[in-house]
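Residue 821 is where the sequence shown starts when you use the numbering used here, and the numbers rise one by one after that. No residue lacks a Cβ here, since even glycine has one placed at the ideal position from N, Cα and C. Nothing here was measured: the structure is a model prediction, and the numbers come from that model. Structure first, commentary second.
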Amino acid sequence: MFNVKFSLGQNIVETAKKSGAPRWSTRNIQGFISYDLVGMPSDIPLVYQRPDYEVTAMPVYSFTMYADKERNNDLAVESTNLLFAADALTSHLSAKTFVEGLISQFQRGKWKRHVDELCPAVSGRSSFLNEAGQAHRSWSCPLDPEYRLSPDDWIMLMYMEKSYEWLGDGVLATLNIGYSDDIRGITYSIQLKFEDFAGRKRRDEMNRLRDLAEGDANGWKSTENEAKGIAERKRQIKVLEENALKRGDRVISR
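Below is the structure:
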């Protein structure tokens, strides 16, 4: 058995050559380049290679690496996306156990939990409770990876898709989990992304400024409304962090 190795920050062509994968599908859309592996055998692990931050993932259905020619960075891999094989996760218990195994790898390495500035920096169950102390599906902030969800909380939360986030050596890792439950049964979608954090922030800021300028030009008062929204969110965060301390959870450093 062989594995497929990858990392960020090196030329995408060279990364593909050194990965161990025999064949890649490639696309180049106006300088935005992707390398894909689709329909991978379930017994082939993918290994994110970085000293003290290594993560091994399987079974993987598809894997994609991205580079952007316009960045003038020697076509360095800026982000990757792994989609896990859904047919291996046929129940809530199997999906929960699988995700907890992935989380344990991040916890063993030097990864640190990432909390966005517009999310409460709280631990435990407080990471998905609202101002009234209620758990709710629409919660958008990442969960606390150190807190093990109860089976009932897992089923309730993951129906709307939830995430965990870590930072490690300039890389943002995001684990997204969600499921559907219909006549076909329970179907999980689990993805793991690795992104250059500085590049991600640059793109987000460029998109934000573009959207604000467009909204202001159309008379939507986008900049003014954003400022009001941020002020309200900071008020909510203050309350959520105070409530977390009251119930015995922690406020962590960002």
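Going by DSSP in three states, residue i sits in which element: helix, strand or coil?
i       : result
TRP986  : strand
THR835  : helix
VAL897  : coil
VAL935  : coil
ASP1069 : coil
ASP973  : helix
LYS930  : coil
PHE904  : strand
ALA915  : helix
PHE948  : helix
ALA841  : coil
ALA887  : strand
ILE955  : In the sequence on display, residue 955 carries Ala and not Ile. ALA955 falls in the strand class under three-state DSSP.
Going along the chain, which residues of its own chain have a beta-carbon closer than 6 angstroms to the beta-carbon of residue i, five neighbours each way excluded?
i       : result
GLN927  : none
TYR1008 : ALA906, LEU909, ALA915 and TYR999
SER1042 : LEU1032, GLY1035 and ASP1036
THR884  : SER854, ASP856 and ASN901
ASP936  : none
ASP1069 : VAL942, SER943, GLY944 and SER946
ILE1010 : PHE904 and ILE997
GLN925  : VAL875
LYS837  : none
TRP974  : LYS916
PRO940  : ILE1057, LEU1060 and GLU1061
SER845  : ASP856
How close, in whole Å, do the beta carbons of residue i and residue j come, if the pair is a contact with beta carbons under 8 angstroms?
i       : j      : result
TYR967  : SER943 : 7 angstroms
LEU1077 : TYR881 : A query on residue 1077 cannot be resolved here, the shown segment of the chain reaching from 821 to 1074 and no further.
SER839  : VAL824 : 5 angstroms
SER899  : GLU981 : Not confirmed; about 19 angstroms, so no contact.
LEU963  : ALA955 : Going by Cβ atoms, the distance from LEU963 to ALA955 rounds to 11 angstroms, so no, they are not a contact pair.
ASN831  : ASP888 : The Cβ separation is near 13 angstroms, so there is no contact.
LEU977  : ALA993 : No, LEU977 and ALA993 are not in contact; Cβ-Cβ is about 20 angstroms, not under 8 angstroms.
ASP872  : GLY929 : 6 angstroms
GLY1005 : VAL897 : So it is not a contact: roughly 36 angstroms between Cβ atoms.
PRO965  : ILE923 : 5 angstroms
Could you tell me if residue i is buried or exposed, where buried requires 16 or more neighbouring beta carbons within 10 angstroms of its beta carbon?
i       : result
SER911  : exposed
TYR855  : buried
GLU1052 : exposed
THR876  : exposed
PHE852  : exposed
TYR979  : exposed
THR917  : exposed
PHE826  : buried
LEU1065 : exposed
MET1026 : exposed
PRO971  : exposed
ALA841  : buried
For residue i, I'd like the list of residues in its chain whose CB is within less than 8 angstroms of its CB, leaving aside the five on either flank, ordered along the chain.
i       : result
GLU951  : GLN1056, VAL1059, LEU1060 and ASN1063
LYS932  : TRP986, LEU987 and GLY988
ILE1050 : LEU938
Once you ignore the five residues that flank residue i on each side, which residues in its own chain have a CB closer than 7 angstroms to its CB?
i       : result
ALA1018 : GLY990
GLY953  : ASN1063
TYR868  : PHE826, SER827, GLU874, VAL875 and PHE1014
Can you find a CB in chain D that lies within less than 7 angstroms of the CB of residue i?
i      : result
GLU834 : No chain D is part of this structure, which consists of one protein chain only.
Inside the region 980–1043 only - beta strand (DSSP E) runs reaching at least 3 residues: 982–988, 991–1002 and 1005–1016
Could you name each continuous beta strand (DSSP E) segment of 3 residues or more that falls completely within the region 844–884, going from the start of the chain to the end? 845–849, 852–858, 866–868 and 875–877
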